[in-house]
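A.B. asks: Here it is: the structure, laid out below.
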Amino acid sequence: MDFQPSIPTGPSLTPAVGKKSSLLRILLVIAAVLVVLALWVWFYGGSLLPSPKETYNSQPTIGIKPPPEPDVAALQKQSVSDDITAIENDLNATDLENLDLELDAIDKEFAQ
Numbered sequence: 000m001d002f003q004p005s006i007p008t009g010p011s012l013t014p015a016v017g018k019k020s021s022l023l024r025i026l027l028v029i030a031a032v033l034v035v036l037a038l039w040v041w042f043y044g045g046s047l048l049p050s051p052k053e054t055y056n057s058q059p060t061i062g063i064k065p066p067p068e069p070d071v072a073a074l075q076k077q078s079v080s081d082d083i084t085a086i087e088n089d090l091n092a093t094d095l096e097n098l099d100l101e102l103d104a105i106d107k108e109f110a111q
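Residue numbers for the sequence shown follow numbering that gives the first Met the number 0, beginning at 0 and rising by one.
Below is the structure:
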């Protein structure tokens with residue numbers, strides 16, 4: 000008994016290859032969509048979740064402000080104008096006499 004396997008020929012072989020080809024294409028499209036989705040989540044997914052600083056605050060914030068120093072308060076009283084007379088008035092009102100007051104103390108420390 001010689002038994003020879005029958006090999007299908009003709010049009011019956013073509014649809015099987017077409018089904019495998021279309022299934023492979025569908026799987027490739029699904030894989031590509033999953034890769035794009037994974038990359039999107041990796042790049043932009045972190046901004047979707049609230050940051051840990053927003054959700055957990057271990058210490059309350061203190062709203063007490065120290066009183067402003069007189070020099071800083073004087074700077075805030077300066078004119079916002081860029082007119083020459085306003086600039087001259089601001090310069091004349093600025094106390095520049097005590098500008099190098101600490102330089103003598105620094106020189107004494109270096110001399111020791």
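Note that CB positions come from ideal geometry on N, CA and C, so glycine has one too.
Quick caveat: nothing in here was measured; it's all calculated off a predicted structure.
Could you tell me whether the Cβ atoms of Ser78 and Asp89 are closer together than 7 Å?
C.D. replies: Yes. Within cutoff.
A.B. asks: Pick out the complete beta strand (DSSP E) segments inside the segment 72-104, 3 residues or longer, and give them in chain order.
C.D. replies: Segments of the beta strand (DSSP E) lying fully in the segment 72-104: there are none.
A.B. asks: Among residues of its own chain, excluding the 5 on either side of Ala37, which ones have a beta-carbon nearer than 7 Å to its beta-carbon?
C.D. replies: Excluding residues within five positions, none has a Cβ falling inside 7 Å.
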